[in-house]
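This report refers to the structure that appears directly beneath it.
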Amino acid sequence: MACSLNPTTELNPALLPLDWLLGTWESDEPGQGCYPTIKPFRYTETLHFSHVGQPVINFMFNAFHAESKKPLHRESGFIRMQPGNNRVAFIIAQNSGLVEIEEGELTGHQLKLQTHALARISFAKKPHVQQILRIFQLRPDGRLEQTVSMATDNQPLTQHLHITYRPS
Ligand code: HEM
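And the structure:
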């Protein structure tokens, strides 16, 4: 028998506190990218959050250059919640060759995550990222906001990205 995903699969109750993330989100206006060592840039991004009934959210983030529309940064992975409390873990693979575990807490509709473990391919481009701080916030107007800061070999924790999305 062929395997298929049942579109009516019920959400695992462990994920109820994160149900507001589920679905597809499109940047409503270009996001702002910056860092002290690079030229500021604008980008668009689509986020997909889905589930298959497990206590796990599957995600894919695909970013594009706002003007040239060329694919840029991509991430995919899984989100888990610790049963019985508000601890959340993101298990992430990035197209740059970085793999990362971010952990943090859910407070209402705000998710604040920091690097818990990080590894990269042996020939990853320099400077290497040393730490990431990421905040997702569902705003009262129904838009989702993501802010990412990072520290590298030669810069302290500094903002790299800010973007808002609308449900798609
Ligand atoms: C540059 C990391 C997400 C676009 C960089 C640099 C690092 C980095 C380490 C080099 C900084 C330097 O040269 O000092 C990350 C990490 C991300 C992330 C860890 C996710 C957690 C994104 C996203 C975009 C993006 C979503 C959207 C398009 C760029 C661009 C540059 C850059 C355009 C400058 C050119 C380049 O070095 O490729 N990023 N980035 N990044 N990032 Fe990101």
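Quick note: the sequence shown uses the working numbering, first residue -9, plus one each step. No residue lacks a Cβ here, since even glycine has one placed at the ideal position from N, Cα and C. Predicted, not measured: the structure shown is a model, and the values here were computed from it.
Short check: CB of D143 to CB of H118, under 8 Å?
If you number the sequence shown from 1, residue 143 lands on position 153. If you number the sequence shown from 1, residue 118 lands on position 128. Yes. Within cutoff.
Are there any heavy atoms of the ligand HEM lying less than 7 Å away from the beta-carbon of A53, as far as the coordinates show?
As a first step, residue 53 is located in the sequence shown; it is residue number 63 there, counting from the start. A53 Cβ: within cutoff of the ligand HEM.
Under 8 Å between C-beta atoms of I122 and M140:
Here the question's residue 122 lines up with position 132 in the sequence shown. Here the question's residue 140 lines up with position 150 in the sequence shown. Yes, the Cβ-Cβ distance between I122 and M140 is below 8 Å.
According to DSSP, is L163 helix, strand or coil?
No information on residue 163 is available, as it lies outside the stretch -9 to 158 that the chain covers here.
Report yes if the C-beta of L88 is less than 7 Å from at least one heavy atom of the ligand HEM; otherwise report no.
Locating residue 88 in the sequence shown gives position 98, where the first residue counts as 1. Yes, the ligand HEM has a heavy atom inside 7 Å of this Cβ.
For A159, count the other beta carbons within 10 Å of its own beta carbon; 16 or more makes it buried, fewer makes it exposed. Which is it?
This structure gives no information on residue 159, because the portion of the chain shown stretches from -9 to 158.
Look up P3 in the DSSP assignment and say whether it is helix, strand or coil.
The residue you call residue 3 lines up with position 13 of the sequence shown. For P3, the secondary structure class from DSSP, reduced to helix, strand or coil, is helix.
Count the other CB atoms within 10 Å of the CB of S17; is the residue buried (16 or more) or exposed (fewer)?
Residue mapping note: residue 17 aligns to position 27 of the sequence shown, counting from 1. So S17 counts as buried.
Relative to the alpha-carbon of A56, which residue among G43, G21, H41 and R129 has its alpha-carbon at the smallest distance?
On the sequence shown, position 66 is the one that residue 56 refers to. Checking every option, the nearest Cα to that of A56 belongs to G21.
When you compare each of L151, T(-2), G94 and Q149 to G43 by their alpha carbons, which one comes out closest?
One-based indexing of the sequence shown puts residue 43 at position 53. Nearest in C-alpha terms to G43, of all of L151, T(-2), G94 and Q149, is T(-2).
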